[in-house]
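Asker: Take this structure, written in structure tokens, and hold onto it; I'll ask about it next.
Residue numbers (the working numbering): 1 to 1081.
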């Protein structure tokens, strides 16, 4: 549409609740009307943007930009977004984008106020009001910039004025953009002149050049000059006009604070983008103007003779001289004294500082000093001007002054209380991170070199010493030091029994993101790092650092330092601090987590599923509508096999259909979960019927890098090659279309050649490509690596953060993602595995917290407290045989009102052993064998269970040979010793022995998110022993039982297991015929 209709839609109801009453304003692409919420009777401003005509794409972009900028953002100087939606509008006969906004007075603008005041001077506001409103606006713009958003259209018409409250608010983010996209012209080149306003547009906007935060500060500087002088700048305004333009302010205030403000504003308007003053300089200049021009009244403070003497002795000032300096730019900060009944007041002048204690309605100075300390200068910047002048008097009170500073203190206390509450919420998380950090620095083993050879250059070996040169790579053949016991190997693994297994562990560590440093056993200086390990040759290859003498019999201490983990810990600590201080992409994040009932949802009204086969259809449609309509958090509990990944796929597809430029982070504790989600989204994106292509980035660890075809380097290379081919292919067409007499074709060819040469290396191009990626896939652990590797992402925020397996993530791990996001979808199941904590750390935490506090995830806390509109549970599973699903449902879900139904094809789930192909597919094989203790003295094993389990495994393999099937088999056990003996006995990697079975043996923690046709569970429970570790833990039992598609085979002492409450409930649900005595079937 080229213009809005002359007759505004008065009386229409939008979104089934907002009825328009009268016109506020109209522009080329939008109409703004006052509307009444028919549900609450509250008044709002509703902005309507009809979506039709040649500019439909542009208007849709403007709608999405304003919605993205304002959603979840709260600041007293920025207009608040209540709701945003699309609506079929009968008045405009088209789909209309609707923004329901906070109503500011009658909707009049600052420009209208200034023009009105020019005609009616009595309506001018005092200087103090003007400066304080500018400071409030400045703070609001700075908070917008903290979200990495540029407004790009700050002007008098986009600042609303509420005359009743006397406040100004910034509005209209329709041409806002992310600061990271400073090389992209997609918005500006659509309609050029239409998208900036003179004279407020900075030169770089007018010339379509790189933009940054200084772009907004240029516009704001001009707005400040206009408000301070009550003038509206002409369209042809230039910095050369500034001196004359600011003359009315000079006449009003004289020299008081004017010069400093003039310099800052002038440089804001005259300097190029990167040379403009910072926002803090403008803030200081405005506060300086306020300091110098406040109408001050006297307040009385008592200076004792002792303090007056100290001022004279230490500062070489008389009391009148000290007071003159103290009142020069006086600012105040306050705090309660220790007894919490009396205030302590800090008074800051430009050069001196005084501290006073409250005594009733009086103030007595207890300390005076100079302002040279940088900490004091910073505190003065944070303090606020007050309209008082300090005078000395022994008896008169300071009641009015104390009342004003008390109000300031209350505001400060509110902020501190909020911070303390956030800090208390994450106290356990911070303690856990400290424990992890300590443990990560304790990976070490002592070794002895028995043979050394040089890689580059000779090594001078003089028995019993070797001289190692820093230019060499040295290969050590090593052996464990004779005086070092195996259990001294502190790697968080089971004790190593020989050097071979030690090397295996170190090889695994080096294959991950581990740096291994070598030090002399008694020394602190590192002399080398391990760069290669050969298990076959039993050697380490070491890069020597510096020159060293090493005794051949002197033990070498190898330290494994996991930089990946340490970086992750540091990033988690940074995320915690961002949460505590409120520096989050969604400013409401702390409140949303601490007070989950404040989350809101406005479900989408119309939706057509992308995946039409999804079941149950009504449930899925409601889930997707609610997810898209969630203003902040939406939680999805996904029981085993309930199609969580398919749900994520649908949600992401719907988001990108509505917001093609949305930036979505998909993360999880589990690498396989991220892989699966990204691959399924790739399949969806490859559908030729999809309207737009999507860009992906998948970040993986170094050990998996070779197989990652979605790294930034790989995808950028594919894109650049495709772009080169396309640009080259279009040249012949251009040659036929262009009149060679008027256009220099050789110049066009030169431009294309330059484009070809620069495409691979241009940093701004790579940055823009990165900034326009829509789907980021990365595990929680590697998120810090993503931010570290790509510096452009350091300050990037995501429109949506989607976390799978979120019930397994620690609070701090989730926060790394959440502090970067605006809206959040958490998918998980609190009935399955909780966040993992090493036993050593758990024991220390339990000294301070309860078991429930230690194991409860953020997902569970939120799910239990969110409004019903912001959470849901998937109720249909597609993995398990219906009898297994019923078994799991009755044990773990029906008590909360959720009954799992089955969408699986039961005919495809036969058990090849005919005797076990029954209606109920959960079996308990009763084993009475003796339990033993592993070599570590802690871990348990049961040889009889291993024997019975192996025998049934052989029968299953034979039965599959008859049917011709190849099945996936999971063998789950709680103990490492049992796992090792199962691996030795069964040898799952022998294809000649297991031609029809693909066998995986591990503990339960390794299986969440995985599945198998048949699941064997070795409980290691025997007579005289109760349920151990997870054997009686409902969350771990749930995971173990629910991995199976066709059948679950449980091995253990039936009578003893029945003594555990959880196992007893499970046994009672197993038919008597499926409780097999003597482990025979």
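A virtual CB, placed ideally from N, CA and C, is assigned to each residue, including glycine.
Could you tell me how far apart the beta carbons of residue 291 and residue 329 are, in whole angstroms, since I believe they sit closer than 8 Å?
Answerer: Indeed, because the Cβ distance is near 4 Å, the residues count as touching under 8 Å.
Asker: Excluding five sequence neighbours on each side, which residues of the same chain lie with their C-beta closer than 6 Å to the C-beta of residue 959?
Answerer: Closer than 6 Å at Cβ, skipping near neighbours: 912, 913.
Asker: Count the other CB atoms within 10 Å of the CB of residue 659; is the residue buried (16 or more) or exposed (fewer)?
Answerer: Buried is the call here.
Asker: How would you label residue 864, buried or exposed, when you count the other beta carbons within 10 angstroms and need 16 or more for buried?
Answerer: When all chains shown are included, residue 864 counts as exposed.
Asker: Can you tell me where the alpha helix (DSSP H) with residue 63 in it begins and where it stops?
Answerer: Looking at the DSSP string, the run of the alpha helix (DSSP H) that includes residue 63 is 56-70.
Asker: Suppose you measure from the CA of residue 300 to the CA of residue 580; what does that come to, to the nearest Å?
Answerer: For residue 300 and residue 580, the distance between alpha carbons rounds to 38 Å.
Asker: Is the beta carbon of residue 805 less than 8 Å from the beta carbon of residue 669?
Answerer: Closer than 8 Å, so yes.
Asker: Which residues mark the beginning and the end of the beta strand (DSSP E) in which residue 828 is found?
Answerer: Unbroken beta strand (DSSP E) run through residue 828: 821-828.
Asker: CA-CA distance, residue 894 and residue 778?
Answerer: Spanning the two alpha carbons is a distance of roughly 34 Å.
Asker: Please say whether residue 147 and residue 77 have beta carbons closer to each other than 8 Å?
Answerer: Contact flag unset, no.
Asker: Helix, strand or coil: how does DSSP classify residue 858 here?
Answerer: Three-state DSSP puts residue 858 in a helix.
Asker: In the DSSP assignment, find the beta strand (DSSP E) that holds residue 343 and state where it starts and stops.
Answerer: From DSSP, the beta strand (DSSP E) with residue 343 extends over 343-348.
Asker: Report the option in 252, 282, 81, 844 whose CA atom is closest to the CA atom of residue 220.
Answerer: Nearest option by C-alpha distance: 282.
Asker: What would DSSP say about residue 302, mapped onto helix, strand or coil?
Answerer: Residue state, collapsed to three classes: strand.
Asker: Between residue 25 and the rest of its own chain, which residues show a CB-CB distance below 7 Å, the 5 nearest in sequence each way excluded?
Answerer: Only 32, 107 meet the Cβ criterion.
Asker: Helix, strand or coil: which one does DSSP assign to residue 1090?
Answerer: Any property of residue 1090 remains undetermined from this structure, which presents the chain solely from 1 to 1081.
Asker: I need the straight-line Cα distance from residue 993 to residue 589, nearest angstrom please.
Answerer: C-alpha separation (whole angstroms): 55 Å.
Asker: Could you tell me the distance, in whole angstroms, from the CA atom of residue 315 to the CA atom of residue 369?
Answerer: Roughly 7 Å between the two C-alpha positions.
Asker: What's the C-alpha gap between residue 828 and residue 639?
Answerer: Near 8 Å, if we compare the C-alpha coordinates of residue 639 and residue 828.
Asker: Just to confirm my understanding: we take residue 154, look at its own chain, exclude 5 residues before and 5 after, and list those with CB closer than 8 Å. What are they?
Answerer: So the qualifying residues of the chain are 141, 170, 200, 216, 219, 220, 223.
Asker: Flag this pair as yes or no: are the beta carbons of residue 1021 and residue 1044 separated by less than 8 Å?
Answerer: Cβ distance not < 8 Å, so residue 1021 and residue 1044 don't count as in contact.
Asker: Give every residue of the same chain whose Cβ lies closer than 7 Å to the Cβ of residue 578, excluding the five residues on either side of it in the sequence, and list them in chain order.
Answerer: Excluding residues within five positions, the ones whose Cβ falls inside 7 Å are 584, 819.
Asker: Taking Cβ positions, are residue 716 and residue 769 nearer each other than 8 Å?
Answerer: Closer than 8 Å, so yes.
Asker: Residue 363 to residue 331, Cα distance in whole Å?
Answerer: If I take the Cα positions, the gap works out to 16 Å.
Asker: Pull up the distance between the alpha-carbon of residue 151 and that of residue 275, whole angstroms please.
Answerer: Each residue's Cα considered, the two are about 20 Å apart.
Asker: Ignoring anything shorter than 4 residues, give me the alpha helix (DSSP H) runs that lie fully in the segment 626-669, in order along the chain.
Answerer: If we require 4 residues or more, the alpha helix (DSSP H) runs fully inside the segment 626-669 come out as 644-658.
Asker: Could you give the distance in angstroms between the alpha-carbon of residue 694 and the alpha-carbon of residue 686?
Answerer: Their Cα atoms are separated by approximately 9 Å.
Asker: What's the C-alpha gap between residue 782 and residue 699?
Answerer: One C-alpha to the other measures close to 7 Å.
Asker: Does residue 491 come out as helix, strand or coil in the three-state DSSP assignment?
Answerer: Bear in mind that a pLDDT of 30 at residue 491, under 50, signals an unreliable position, so the model cannot answer this.
Asker: Report yes if the C-beta of residue 278 is less than 7 Å from at least one heavy atom of the ligand ZN; otherwise report no.
Answerer: With respect to the ligand ZN, the structure offers nothing, as it holds no ligand at all.
Asker: Hey, how far is the Cα of residue 529 from the Cα of residue 563?
Answerer: Spanning the two alpha carbons is a distance of roughly 14 Å.
Asker: On a CA-only basis, which of 1001, 345, 428 is nearest residue 849? Give me that one, please.
Answerer: Closest option to residue 849, Cα to Cα, is 428.
Asker: Bridge partners of residue 217, per DSSP?
Answerer: In DSSP, residue 217 forms no bridge with anything.
Asker: Taking the beta strand (DSSP E) that residue 927 falls in, what are its first and last residues?
Answerer: Here residue 927 belongs to no beta strand (DSSP E), and DSSP marks it neither H nor E.
Asker: Starting from residue 787, follow the alpha helix (DSSP H) in both directions and report where the run begins and ends.
Answerer: Counting along the chain, the alpha helix (DSSP H) containing residue 787 begins and ends at 783-789.
Asker: Under three-state DSSP, which class holds residue 1053?
Answerer: Of the three classes helix, strand and coil, the one that applies to residue 1053 here is coil, per DSSP.
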